[in-house]
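First up is the structure itself, then whatever we jot down about it.
Written as structure tokens, this is what we have:
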């Protein structure tokens with residue numbers, strides 16, 4: 001457990017350089033914070049795989065990001081809900097995500113429409129943009145303020161990402177509940193699966209982003225590393 | 001074993017790196033009620049609380065009991081023109097069980113029921129033996145790491161919000177009544193949030209280590225003199241190192 005900062009004494013300003021584990025030639029464990037010598041692979045305390053903060057880990061971020069984006073397209077084009085009222089006499093309807101929001105607005109449920117709109121349209125798109133931005137600028141030289149901004153953005157994405165699952169749960173509850181035979185029945189559409197996958201993939205993308213990359217410019221590989229081999 | 005405040009820049013012994021920003025700190029043993037924050041990104045690095053383990057165990061057991069109630073009692077019930085339908089939580093998950101939507105059923109049951117229950121069990125397993133001064137259970141470290149990994153994937157609270165949205169959508173179509181399982185689920189959310197507040201992973205790792213779960217020889221022992229010095233420094237409001 002730690003309380004005291006290393007070499008820069010406590011009187012230093014916020015923007016003075018901070019000695020990091022990486023600069024000291026050590027690796028810090030992202031699970032429990034224990035510090036290990038340079039070439040260690042697994043943390044001796046919590047057993048987590050440890051690795052230095054490196055732009056190579058961004059490949060995983062981009063891979064999950066792309067997978068999430070690919071599944072987000074059918075999630076919006078295919079129907080989310082299939083409704084049958086009075087055995088199809090009063091109409092069969094297939095609603096996409098946007099269609100569901102418009103329907104809610106039509107019935108005057110503005111609050112709920114806002115929740116669904118934010119959770120299934122604003123949040124996923126915002127997440128794609130923020131992760132792409134973070135992964136692009138990660139490791140580039142940055143000022144202390146911009147680093148703090150990026151960290152806040154990452155925390156927001158990590159916190160809010162799970163909430164996009166709301167729409168999938170709504171579909172599940174509706175299709176389990178509304179099975180009134182002839183009167184009305186609701187079935188899930190294929191978009192439910194692609195939307196769930198898209199949310200899961202973007203969550204994995206945000207989790208694979210290494211927040212330590214935010215804090216300074218890191219080259220892919222320094223010339224010194226290459227000659228040392 | 002390392003005295004608090006001693007460190008080795010070659011091996012990293014006695015040091016701690018912030019998991020968020022990699023800033024190095026000298027590891028120190030905190031007393032109960034103290035909070036250690038990263039000097040750069042202000043992430044909480046340690047926050048031991050008196051009786052926190054007992055509280056987490058109690059909350060985890062509570063959430064297991066509520067979970068059982070939430071699974072087996074009726075969840076929601078609707079009726080219209082004499083046609084009625086009641087569903088339990090399993091019924092909700094099985095809504096996806098037709099054909100190729102099947103994997104989603106498994107995932108939903110996992111997110112809503114499986115993972116929250118598994119996390120509660122893991123926390124009880126890790127913390128119950130360590131409540132007093134007892135040694136940790138076997139593989140407690142692995143169990144706790146798994147519980148931390150699963151944290152973002154247990155989505156019980158999101159499911160409740162989803163239920164509320166679904167209720168509004170159905171309200172125009174039929175009469176809905178809430179079953180006891182719905183209220184059990186609401187209780188589950190409150191209990192889970194409280195448990196998350198009490199859980200400080202750094203403290204649990206430290207305690208696991210102090211009680212002999214690991215033998216990497218790097219556990220930091222409290223130096224009474226240093227603790228007294230820090231106390232007086234905080235009391236006088238000075239920041240002299």
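Chains as they are written, first to last, in this note's numbering: chain Y, 1 to 229; chain C, 1 to 241. C-beta atoms are modelled at their ideal positions from N, C-alpha and C, and glycine is treated no differently. For clarity, every value in this text was computed on a predicted model and none was experimentally measured.
- Here residue 49/Y carries a strand assignment [DSSP, helix/strand/coil].
- Residue 76/C reaches chain Y at 173 and 177, counting residues in chain order whose Cβ is nearer than 8 angstroms.
- Residue 28/Y places its beta carbon less than 8 angstroms from that of residue 35/Y.
- Taking every protein chain shown into account, the CB of residue 179/Y has 16 or more other CB atoms within 10 angstroms, so this residue is buried.
- Excluding the 5 residues flanking it on each side, residue 191/Y has same chain C-beta neighbours closer than 8 angstroms at 74, 75, 76, 77, 78, 79, 80, 96 and 97, in chain order.
- Boundaries cannot be given for residue 88/C, as no beta strand (DSSP E) includes it and DSSP labels it neither H nor E.
- Straight-line measurement puts the Cα of residue 171/C at about 40 angstroms from the Cα of residue 146/C.
- The alpha carbon of residue 67/Y has as its nearest neighbour, out of 185/Y, 210/Y and 198/Y, the alpha carbon of 198/Y.
- At least one CB of chain Y lies nearer than 8 angstroms to the CB of residue 162/C.
- Straight through space, the alpha carbons of residue 162/Y and residue 153/C are spaced by roughly 8 angstroms.
- No Cβ of chain Y is located within less than 8 angstroms of the beta carbon of residue 133/C.
- Annotated three-state conformation of residue 135/C is coil, per DSSP.
- Judged by DSSP in its simplified three-state form, residue 148/C adopts helix.
- Taking a C-beta distance under 8 angstroms as the contact criterion, residue 56/C and residue 118/C do not qualify as a contact pair.
- Between residue 166/C and residue 46/C, the gap from beta carbon to beta carbon reaches 8 angstroms or more.
- A contact is defined here as three or more CB-CB pairs under 8 angstroms, and the segment 148-164 of chain Y fails this definition with respect to the segment 47-64 of chain Y.
- The contact set of residue 130/C on chain Y, defined by CB atoms closer than 7 angstroms, is empty, because the minimum CB distance reaches about 16 angstroms.
- Under a criterion of Cβ atoms nearer than 7 angstroms, the residues of chain Y adjacent to residue 158/C are, in order, 162, 163, 165, 166 and 169.
- Rounded to the nearest angstrom, the gap between the Cα atoms of residue 165/Y and residue 121/Y is 12 angstroms.
- DSSP, read as helix, strand or coil, puts residue 42/Y in strand.
- Cβ-Cβ distances below 8 angstroms link residue 94/C to 105 in the same chain, with the five nearest sequence neighbours on each side left out; the list follows chain order.
- DSSP, read as helix, strand or coil, puts residue 166/Y in helix.
- Pairing residue 90/C with residue 68/C gives a Cβ-Cβ distance that is not under 8 angstroms.
- Contact note: residue 209/C reaches chain Y through 45, using a C-beta cutoff of 8 angstroms and chain order.
- The alpha carbon of residue 72/Y has as its nearest neighbour, out of 40/Y, 30/Y, 123/Y and 135/Y, the alpha carbon of 123/Y.
- Counting along the chain, no alpha helix (DSSP H) covers residue 25/C; the unbroken beta strand (DSSP E) around it starts and ends at 24-27.
- Residue 79/C has its alpha-carbon roughly 5 angstroms from the corresponding atom of residue 175/C.
- About 11 angstroms separates the beta carbon of residue 26/C from that of residue 12/C, a gap too long to meet the 8 angstroms contact definition.
- For the pair residue 35/C and residue 49/C, the Cα-to-Cα distance works out to about 9 angstroms.
- Residue-level contact by beta carbon holds for residue 20/Y and chain C, with a gap shorter than 8 angstroms.
- Listed as beta-bridge partners of residue 36/Y by DSSP are 27/Y.
- For residue 32/C, the secondary structure class from DSSP, reduced to helix, strand or coil, is coil.
- Straight-line spacing of the CA atoms in residue 86/C and residue 149/C works out to 35 angstroms.
- The shortest CA-to-CA distance from residue 143/C to any of 38/Y, 48/Y and 94/Y is the one to 48/Y.
- Membership of residue 43/C in any alpha helix (DSSP H) is not indicated, and neither H nor E is assigned to it by DSSP.
- The straight-line gap separating the alpha-carbon atoms of residue 153/Y and residue 144/Y is approximately 14 angstroms.
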